[in-house]
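The structure appears below as structure tokens.
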Amino acid sequence: MLRIVALTDERAAYDIDRAAAEADAPDIPFSSFETYCTRLRHPWPGNEAEQYLAVHDGTPAGHLELYLPQLDNLANVIVELFVHPDHRRRGTGRALLAHAVRRATELGRRHLISEAVAADAFARAAGAIPALLEIRSRLDITGPLPDDSPAAAGYRLVRWTDEAPEELLDDIGYLDSRLNEDAPTGELAVESEKIDADRVRAAEETLRLRRRTTFHTGAVHEQSGRLVAWTMIASENDTGWHAWQNITIVDPDHRGHGLGLTIKNHNLRYARTARPGLRAIDTSNAVENEHMLRINQAMGFRPVDRWTQWQLTV
Ligand SMILES: CC(C)(COP(=O)(O)OP(=O)(O)OC[C@H]1O[C@@H](n2cnc3c(N)ncnc32)[C@H](O)[C@@H]1OP(=O)(O)O)[C@@H](O)C(=O)NCCC(=O)NCCS
37 MLRIVALTDE RAAYDIDRAA AEADAPDIPF SSFETYCTRL RHPWPGNEAE
87 QYLAVHDGTP AGHLELYLPQ LDNLANVIVE LFVHPDHRRR GTGRALLAHA
137 VRRATELGRR HLISEAVAAD AFARAAGAIP ALLEIRSRLD ITGPLPDDSP
187 AAAGYRLVRW TDEAPEELLD DIGYLDSRLN EDAPTGELAV ESEKIDADRV
237 RAAEETLRLR RRTTFHTGAV HEQSGRLVAW TMIASENDTG WHAWQNITIV
287 DPDHRGHGLG LTIKNHNLRY ARTARPGLRA IDTSNAVENE HMLRINQAMG
337 FRPVDRWTQW QLTV
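Quick note on the numbering used here: the sequence shown kicks off at 37 and runs consecutively.
Here you go:
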């Protein structure tokens, strides 16, 4: 018999998620149990989370996480759904998804969005559409790093670890809010996030609680004093050999000066200097994000696999 219960057993969720993730993308290091638990306990600022376990004849078989944005994207639910590889094709995934749909309906939300690397048959069978195709690429940074030439005239580089200087917070919020507008989002029903200085600080605190270190480089437009370009690399503290290249954004008024490549190259060097054990950096980009893919290619990133953001509208 299959039951769906509110999650209390963090170890069971960890074992399921880890086995599922390692089956699909074994080259991405999975968090330690301690770090994983911080993720369950500290959702991103502006989101509420619900956690469920699917128990099959007394054995934990699947884990469902629902993230419910509270400040924007109010029609959406971000879904993470994992079934242990030993328990597949017995309807557990379908039952967990049905539960997610039920909760979405109860909460008046219309779009369930979930990212996966190898769930095409499952997602299509559920009636979801492939809303955005992404490429994950990896950079080996054990060798020589790309050239870190200075920023274009009129701009000065700034960098920080974990906590941004107070005077940049508003600009970081502005740039971060633009991401859903500026980066390709395909058919995804997403709107700009509302991010202000307080939410930037709250995100920093969440990253700290989640035991990650973040390295940032930005470009300040000297004439206006505004931060107009920003990039960030994040690494879990107990998986120091690996990191994610997360955000890169250049304000539309300041594009065409090579700032994107410049800040990314400087940030690589900054992260590697701070973390000498860092060997690999992964990044994920929409297939149609030609600009960013070209920058990544120039930096030495090489494609690894393709991910899909699936969207189910109820
Ligand atoms: C995708 C995943 C959740 C499916 O879990 P599951 O419990 O095996 O799925 P179900 O048994 O409920 O399958 C439901 C239907 O999906 C389809 N399906 C699921 N896995 C399939 C596979 N490997 N090949 C072909 N069809 C598949 C089938 O139509 C299946 O119905 P059927 O068994 O009656 O033919 C599981 O493989 C998983 O955890 N993958 C890694 C994480 C992930 O990708 N999550 C999905 C996010 S969208």
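No residue lacks a Cβ here, since even glycine has one placed at the ideal position from N, Cα and C.
As the structure is a prediction and not an experimental result, all values here were calculated from the model.
Note the first and the last residue of the continuous alpha helix (DSSP H) segment covering residue i.
i      : result
Leu304 : 295 to 310
Ser213 : 205 to 218
Arg15  : Since the first residue shown for the chain is 37 and the last is 350, residue 15 is missing from the structure and cannot be characterised.
Ala238 : 233 to 245
Ala157 : 156 to 161
Beta-carbon within less than 8 Å of residue i's beta-carbon, same chain only, minus the 5 sequence neighbours each way: which residues are those?
i      : result
Pro186 : Leu193, Thr298
Met37  : His92, Asp93
Arg75  : Ser67, Arg246
Val113 : Leu102, Tyr103, Leu104, Ala136, Arg139, Ala140, Leu143, Arg145, His147, Leu148, Ile149
Check whether the Cβ of residue i sits closer than 7 Å to any heavy atom of ligand 2, and report yes or no.
i      : result
His257 : Questions concerning ligand 2 fall outside what the structure shown contains, since the ligands it does hold are ligand 1.
Since residue i and residue j should fall inside the 8 Å C-beta cutoff, what is the C-beta to C-beta distance between them, to a whole number of angstroms?
i      : j      : result
Leu211 : Leu263 : 7 Å
Thr249 : Met268 : Not quite, the Cβ-Cβ distance comes to about 11 Å (not below 8 Å), so this is no contact.
Ala152 : Trp277 : Not really, about 25 Å apart at Cβ, beyond 8 Å.
Ile285 : Asp218 : 6 Å
Asn301 : Met335 : 7 Å
Ser173 : Pro339 : 5 Å
Pro220 : Glu324 : 5 Å
Glu227 : Asn109 : 6 Å
Ala90  : Leu132 : 5 Å
Leu175 : Arg305 : Contact flag wrong, Cβ pair sits at about 12 Å.
Ala56  : His120 : 6 Å
Val41  : Tyr88  : 7 Å
Within its chain, find whatever has a CB closer than 6 Å to the CB of residue i; leave out the 5 residues flanking it on each side and keep chain order.
i      : result
Arg308 : Ile177, Leu314
Thr44  : none
Ile283 : Met268
Trp196 : His252
Ser271 : Thr249, Ala279
Ala239 : Pro81
Met328 : Asn321
Glu130 : Checking the sequence shown, residue 130 turns out to be Arg, not Glu. So the list is empty, once near-sequence residues are dropped.
Glu116 : Glu101
Val256 : Arg192, Val194, Leu263
Quick one: what's got a C-beta closer than 7 Å to residue i's C-beta in the same chain, skipping five residues either side?
i      : result
Arg54  : Phe66
Gly163 : Leu348
Ile208 : Ala200, Val236, Leu263, Trp266
Pro79  : Ala85, Tyr103
Ile331 : Gly296, Leu297, Lys300
His290 : His257, Val264, Ala265
Would you mind reading off the limits of the beta strand (DSSP E) that contains residue i?
i      : result
Glu170 : 165 to 176
Leu43  : Premise fails: Leu43 is in no beta strand (DSSP E) and is neither H nor E.
Phe66  : Note, Phe66: premise wrong, no beta strand (DSSP E); not H, not E.
Glu272 : 262 to 272
Ala316 : 316 to 322
Leu348 : 338 to 349
Ala255 : 248 to 257
Arg192 : 191 to 197
Val226 : No beta strand (DSSP E) holds Val226; DSSP gives it neither H nor E.
His278 : 278 to 286
#### Entry: Heavy atoms of ligand 1 versus C-beta positions, residues under 5 Å
Ala56, Leu117, Phe118, Val119, Arg124, Arg125, Gly127, Thr128, Gly129, Arg130, Ser150, Ala152, Ala155, Ala157, Phe158, Ala159, Ala161, Trp346
### Query
Can you list the alpha helix (DSSP H) stretches of 4 or more residues lying completely in the stretch 96 to 154, in chain order?
128 to 142
### Query
In chain order, which continuous runs of the alpha helix (DSSP H) of length 4 or greater are located wholly inside the stretch 68 to 93?
Taking 4 residues as the minimum length, the alpha helix (DSSP H) runs contained wholly in the stretch 68 to 93 are 69 to 77, in order along the chain.
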